[in-house]
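> If you scroll down you'll find the structure; I have some questions about it.
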Amino acid sequence: MSWVRFNRLFARLTPVRPVRLGTARPIASITFDDFPKSAWTRGGPILAQHRARATYYTAGGFCGRTVDGTVYYDAQDLRAIAAAGHEIACHGFAHQATPTQSFRELTEDAARNAEFLKPFLNGGAAESYAFPYGAVSPRTKKFYARRFTNARGVHPGLNSGRVDLALLNGVSMEKRCWSREAITRAITRARHDRAWMVFYTHDISDDPSPYGSTPAMLSEILDRLAQAHIEILPMREAVKAAIG
Ligand SMILES: [Zn+2]
Numbered sequence: 009m010s011w012v013r014f015n016r017l018f019a020r021l022t023p024v025r026p027v028r029l030g031t032a033r034p035i036a037s038i039t040f041d042d043f044p045k046s047a048w049t050r051g052g053p054i055l056a057q058h059r060a061r062a063t064y065y066t067a068g069g070f071c072g073r074t075v076d077g078t079v080y081y082d083a084q085d086l087r088a089i090a091a092a093g094h095e096i097a098c099h100g101f102a103h104q105a106t107p108t109q110s111f112r113e114l115t116e117d118a119a120r121n122a123e124f125l126k127p128f129l130n131g132g133a134a135e136s137y138a139f140p141y142g143a144v145s146p147r148t149k150k151f152y153a154r155r156f157t158n159a160r161g162v163h164p165g166l167n168s169g170r171v172d173l174a175l176l177n178g179v180s181m182e183k184r185c186w187s188r189e190a191i192t193r194a195i196t197r198a199r200h201d202r203a204w205m206v207f208y209t210h211d212i213s214d215d216p217s218p219y220g221s222t223p224a225m226l227s228e229i230l231d232r233l234a235q236a237h238i239e240i241l242p243m244r245e246a247v248k249a250a251i252g
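Quick note, the sequence shown lines up with residues 9 to 252 if you use the numbering used here.
Printed below as a string of structure tokens:
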């Protein structure tokens, strides 16, 4: 087992903020990581059609840039996202895997992203965090648990019963692991267990990266959730609803 995988496993086995979810009904969150501009320009209108609000995990270092052919969001996008009632959340400034960073590096990166996000949060602070690459260790899990009400990794699964708000499971809606059957099973189980489902992806495009989704895939998830009467809430609101 690689060190990265060991850290991730060990982090999962070390609860930092354990709670028992008290939802009377299942809930879902739709989240975008990094995030590519298309998550907003293509994803935003689809969310609006479904009257759904999402969470945009923002890495400040990507603002206004094109990296390896991916065009990222800019400040104007962030203002529009906030105005539309979506959640702007934290994904680190430099988008580095956290386990290899020192306490000082983690602190500086967190402060830098907090400063970057402030103008788009009415001078406030982001409440939700997602680990870049899903890379996490017990040490970095504790670090972010002190700063955010909830943190998401990429371990596949629903969140129900006893969960750790410092490392929530996710359901990928990325092209590379898209499976209609798996999503059907997850929605059925979420209804049965009254779970909190946290979907994640990156770009939204007719020709998405392996880490992104097509507009049709996003629409399908939103349609399926509506049919199943599963309410969609941004992470910061879902966490309050989930702990009752
Ligand atoms: Zn990321």
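Beta carbons: idealized from backbone N, C-alpha and C, even for Gly.
Source: prediction; values computed, not measured.
Hey, out of I89, R59, N121, A91, whose CA is closest to Q104's CA?
N121
> Closest to T49 by CA distance: which of H237, V12, H210 is it?
H210
> Mind reading off the beta-carbon distance from S46 to E95? Whole number of angstroms is fine, and I expect it under 8 Å.
The pair is not a contact, with the Cβ atoms about 18 Å apart (cut-off 8 Å).
> Mind pulling the alpha helix (DSSP H) runs of 4 or more residues that sit fully within the stretch 79–114?
83–91
> Could you name the residues of the same chain whose beta carbon sits closer than 8 Å to that of G252, not counting the 5 residues immediately before and after it, in chain order?
L29, G30, T31, A32
> Looking only at its own chain, which residues have a Cβ that is under 8 Å from the Cβ of L176, when we skip the five neighbours before and after it?
N158, A159, R160, G161, N167, W204, V206
> Three-state secondary structure (DSSP) at M181?
coil
> For H99, which residues from the same chain have a beta carbon less than 7 Å from its beta carbon, with the 5 sequence-adjacent residues on both sides left out?
Beyond the five residues adjoining it in sequence on each side, H99 comes within less than 7 Å, by CB distance, of D41, D42, Y65, T66, A67, A138, P140 in the same chain, given in chain order.
> Report the CB separation of I195 from A236 in whole angstroms; it is logged as a contact under 8 Å.
Between A236 and I195 the Cβ distance is about 5 Å, and since that is below 8 Å, they are a contact.
> Which residues mark the beginning and the end of the beta strand (DSSP E) in which H8 is found?
The chain is shown only over 9 to 252; residue 8 falls outside these bounds and no answer can be derived.
> For the stretch 148–181, list the beta strand (DSSP E) runs that are entirely contained and at least 3 residues long, ordered along the chain.
158–164, 170–172, 176–180
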